[in-house]
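In what follows, a structure is listed as structure tokens, so that the remarks can point back to it.
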Amino acid sequence: MSEELIAAIDLGSNSFRLQVGRIVNDQIYPLDGLKDPVRLAAGLSSEKYLDVAAQKRGMIALSRFRERLADFAPHQVRAVATNTLRVAKNAPEFLIRAETALGFPIEVIAGREEARLIYVGVAHTLPDPHRQQLVVDIGGGSTEFIIGRSFQSLQLESLYMGCVGFSLRYFPGGKLDRRGFKEAELAAQRELQAIVNPFSAVGWELAVGSSGSAKSLSDILRSNGLTDGTITRQGLEKLKQTLIKTGSLDAVTLDGVKGDRLPVLPGGLAIMLAVFKAFKLDTMVFSEGALRLGVLYDLLGRYHHDDLRDATVEAFATRYAVDRGQAERVAGTACHLLEMLDPATADSTHIDRRYLVWAATLHEIGISVAHSSYHKHSAYVLGNADMPGFSRMDQGRLARLVLAHRGKLARVASIDPASSDWQLIACLRLAVVFHRARDGRDLPPVRIARNGDGFSVEADAEWLDALPLTAATLNDEIRQWNAIGHPLTVKTVKRPTLAA
């Protein structure tokens, strides 16, 4: 498999899509793609559970994608899931089966992270990305709004309204009437109220629509001679009147309507009409770029070691006034210990090493809230803040590592016993213990090794005798690790023996 090929999978609320691209001189050229109208959001109950039929449709689609990706390595593929899997209560169970069907990990991304990736995709397809633009992406379960200039997003928001949910709620059975459109548009306008003023304050020069609903509306307006493909307020109103006169989706005979888009057309149209009214738009252009292309370019950045997550960690360290010296000391010692447990992590790009460095860098951000239980505050911030480049699972993993760097290990006892996170936690906790004095003194040689399900540590006897607080803290560590079934032993040895 050539490493010039990468792939993005979008588990959307309406469709599952696969896009394969080729990297040529840091540009991505789409090769081929697959699409399956799973309509996952249609299988979401009022209690927020995915029904069996929707799950089955999803598994079938992912199995097809797996065949296309048979020769791809894990670093060449990124799969992301959006709104429906953000809100479904049984999403964790579904994702376990979905990852097995696909053969690759699936990341559930937050709404604003979805918006950021959408803008990355759009910005790479516009002829003049340097104009400030408002991007609107009406998906199956949510709608994302972005203001950006060049390749930088300036304002991001995600609202819980999409073409699938709106079509089911306001146009049941495919019935098309004035009341349905009025109620749908009003509902969308209520959602939009909270973001109109902040977005208007930033401003834009061009309105851009992306993804399925915008593409469908653009195609219909062009195919029926209403516009040249530009989405206009007048064109949308004429389309609405045509649908109302038709009375039912079953009777719609418009040109340019694809079969899989027809069931969600009225919901998407109602949301778009509300967007035009709320933002006082007259026209909107369509962009082919969207989430999948954004995921590909984000993957390309990671591929070339230009990972947005590093910039996000740096920004958080600055925002929360991290003690850089202490963070670097803890990170350095933790990574040194990790290399003893897993020599492969000597590679600075190894993902476990990167998580350890990120956790060491940010483990004290909670001090800005309160020193008492600061590790809990740190974990809460990392688990709930908008962190560009991080998926929800990325953030969850980082938050768990930070939560576990001190205090009771029972809080993270649910981590899989075979997970590499345990050795990251061991290295981070020991590094924090060893650098409790927060000074720059060099540590004497220390060894760590795996010992069954636990760890064994060897430390210099003379050094430890001179530091009774550190020795007492290590005894506390032994109790914590033994309590969760990952026994820790600490042995003191004379320096010549340890250095040998």
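Numbering-wise, the sequence shown is residues 12 to 511 according to this note's numbering.
No residue lacks a Cβ here, since even glycine has one placed at the ideal position from N, Cα and C.
Quick caveat, the model's predicted, so the values are computed rather than measured.
For Ile71 and Asn395, the rounded distance between their alpha carbons:
32 Å
Excluding five sequence neighbours on each side, which residues of the same chain lie with their C-beta closer than 6 Å to the C-beta of Tyr130?
Val146, Ile157, Gly159, Ser164
Please classify Lys251 as buried or exposed, where buried requires at least 16 other C-beta atoms within 10 Å of its C-beta.
buried
Please report the Cβ distance between Val413 and Ala345, rounded to the nearest whole angstrom; I am assuming they are in contact, meaning their Cβ atoms lie under 8 Å.
The pair is not a contact, with the Cβ atoms about 12 Å apart (cut-off 8 Å).
Using only the alpha-carbon positions, how far apart do Val457 and Leu478 sit?
15 Å
What are the boundary residues of the alpha helix (DSSP H) that includes Gln406?
403-414
Could you check how far apart the C-beta atoms of Ser24 and Gly151 are, in whole angstroms? I think they sit under 8 Å.
3 Å
Rounded Cβ spacing between Glu125 and Thr93 (contact assumed at less than 8 Å):
6 Å
Under a three-way DSSP split, which group does Val468 fall into?
strand
How is the alpha helix (DSSP H) around Met172 delimited, first residue to last?
No alpha helix (DSSP H) holds Met172; DSSP gives it neither H nor E.
Just mark Arg108 as buried or exposed, buried being the case when its beta carbon has 16 or more other beta carbons within 10 Å.
exposed
Pull the bridge partners of Asp21 from the DSSP assignment, please.
Arg28, Val91
Express the C-alpha separation of Val324 and Leu499 in angstroms, rounding to a whole number.
31 Å
Taking the beta carbon of Leu480 as the centre, do at least 16 other beta carbons fall within 10 Å, making it buried, or is it exposed?
exposed
Does the distance from the C-beta atom of Pro277 to that of Ser178 stay below 7 Å?
yes
Inspect the beta-carbon positions of Cys174 and Ile206 and report whether they are closer than 7 Å.
no
Are there 16 or more other CB atoms within 10 angstroms of the CB of His86, so buried, or fewer, so exposed?
exposed
Could you tell me which residues DSSP pairs with Glu118 in its beta bridges?
Val91
Out of curiosity, what's the CA-to-CA distance linking Lys193 and Ala199?
10 Å
7 Å Cβ cutoff met for Ser224 and Gly279
yes
Which first and last residues belong to the beta strand (DSSP E) in which Glu15 is found?
First-last for Glu15: undefined, no H or E at that position.
How should Arg490 be labelled, buried or exposed, when 16 other C-beta atoms within 10 angstroms of its C-beta is the threshold for buried?
exposed
Opening and closing residue of the beta strand (DSSP E) in which Tyr40 lies:
38-47
Would you kindly report the start and end of the unbroken alpha helix (DSSP H) that includes Lys100?
Where Lys100 is concerned, there is no enclosing alpha helix (DSSP H), given that its DSSP letter is neither H nor E.
Let me know the secondary structure DSSP gives Ala511 once reduced to three states.
At Ala511 the pLDDT is 44, less than 50, meaning the model places this residue with poor confidence and gives no usable figure here.
By how many angstroms is the C-alpha of Ser221 removed from the C-alpha of Gly300?
7 Å
Cα-Cα separation between Ile436 and Val501, rounded to whole angstroms
16 Å
Supposed close pair Leu311, Ile17 - CB separation, criterion 8 Å:
7 Å
Pair every Cβ in the segment 350-357 with every Cβ in the segment 413-425, then say whether three or more of these pairs are closer than 8 Å.
no
Using 7 Å as the threshold, is the C-beta distance between Gly44 and Leu55 below it?
no
Taking all protein chains shown into account, decide if Glu375 is buried (16 or more other Cβ within 10 angstroms of its Cβ) or exposed.
buried
Please report how far the alpha carbon of Met12 lies from the alpha carbon of Ala81, in whole angstroms.
At Met12 the pLDDT is 40, less than 50, meaning the model places this residue with poor confidence and gives no usable figure here.
Within the continuous beta strand (DSSP E) that includes Phe156, where are the two ends?
154-160
Between the beta-carbon of Leu319 and the beta-carbon of Ile39, is there less than 7 Å?
no
Is Gln163 helix, strand or coil when you go by DSSP?
strand
Own chain residues within Cβ distance below 7 Å of Val235, not counting five before or after:
Rather than Val, the amino acid found at residue 235 in this sequence is Asn. The residues are Leu265, Asp266, Gly267.
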